[in-house]
Amino acid sequence: MPHPLHPDLQTLASQAAEGAGFQVCGLELLTHRIPMTLLVQLRLADGGDVSLDNCASFSGVLGDAIENSGLLQDPYVLEVSSPGVSEQLSDDRDFRSFRGFPVSIRYRDTKSGGDNEREGLLLERDEENVLLNVRGRTVRIPRPDVISVKLVTPKEA
Numbered sequence: 128m129p130h131p132l133h134p135d136l137q138t139l140a141s142q143a144a145e146g147a148g149f150q151v152c153g154l155e156l157l158t159h160r161i162p163m164t165l166l167v168q169l170r171l172a173d174g175g176d177v178s179l180d181n182c183a184s185f186s187g188v189l190g191d192a193i194e195n196s197g198l199l200q201d202p203y204v205l206e207v208s209s210p211g212v213s214e215q216l217s218d219d220r221d222f223r224s225f226r227g228f229p230v231s232i233r234y235r236d237t238k239s240g241g242d243n244e245r246e247g248l249l250l251e252r253d254e255e256n257v258l259l260n261v262r263g264r265t266v267r268i269p270r271p272d273v274i275s276v277k278l279v280t281p282k283e284a
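Using our numbering, read the sequence shown as starting at 128 and increasing by one per residue.
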């Protein structure tokens, strides 16, 4: 269950990020740590990668915004970072960046009604399908049927 302050912190961080040319792509409040820790992941607003200097400058901006808002009364640690590389592909940027990489696609099989999984090389994702190269053949999986797409370690032939 998310912390009750999570939505307010998310809104505050998103507003601060927008004003500074960033986009918040993850926020987590770890109250089990002493002092509690606020983890914020961000990207550049244009979708580009974030540098260490970007993280440092946004940390100051967000720290000031939190102090001025009075949302966190107890001591806390603020950690700002880039999201790094996730195994899960979710946005268009991920699909462009990992073209040609081995992936596993979990999808709903409309014929059987159950879930199925396919592995192959990611070709692309368009408006209608995710295209996969499976042993030299192009396999199209309709986007509405896709449950998840994740990077996998290539298997030896």
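Where a beta carbon is used, it is the ideal one built from N, C-alpha and C, also for glycine.
Everything numeric in this text was worked out from a predicted model, so none of it was measured.
For this session: Determine the DSSP secondary structure at residue 255, reduced to helix, strand or coil.
Result: Reduced to three states, the DSSP call for residue 255 is coil.
For this session: Assign residue 189 to one of three DSSP states: helix, strand, or coil.
Result: It is helical.
Problem set entry | In chain order, each beta strand (DSSP E) run of at least 3 residues that lies wholly inside the stretch 224-255 | 229-235 and 242-252
Problem set entry | Beta-bridge pairing of residue 157 - partner residues as DSSP gives them | Looking at the DSSP output, residue 157 sits in a beta bridge with 164.
For this session: Taking 8 Å as the cut-off, decide whether the C-beta atoms of residue 232 and residue 204 are in contact.
Result: no
Problem set entry | Option nearest residue 253 by Cα separation, candidates 198, 226, 238 and 142 | For residue 253, the nearest C-alpha among the options comes from 226.
Problem set entry | residue 284 classed as buried or exposed, judged by whether at least 16 other C-beta atoms fall within 10 angstroms | Model confidence at residue 284 stands at a pLDDT of 43, short of 50, so the residue's coordinates are unreliable and nothing is read from them.
For this session: Whole angstroms is fine: what's the gap from residue 279's alpha carbon to residue 210's?
Result: Residue 210 has its alpha-carbon roughly 18 Å from the corresponding atom of residue 279.
For this session: Kindly list the residues whose CB is nearer than 8 Å to the CB of residue 241, restricted to its own chain and excluding five residues on each side of it in sequence; keep chain order.
Result: Non-local beta-carbon contacts of residue 241 in its own chain, meaning distances under 8 Å to residues more than five positions away in sequence, involve 235 in chain order.
Exercise. Counting along the chain, where does the alpha helix (DSSP H) carrying residue 145 start and finish?
Worked result: 133-147
Exercise. Going along the chain, which residues of its own chain have a beta-carbon closer than 7 Å to the beta-carbon of residue 177, five neighbours each way excluded?
Worked result: 169, 170, 171 and 209
Exercise. Quick one, are the C-beta atoms of residue 229 and residue 248 less than 8 Å apart?
Worked result: yes
For this session: Under 7 Å Cβ to Cβ from residue 152, same chain only, skipping five residues before and after it: list those, please.
Result: 168, 169, 170 and 210
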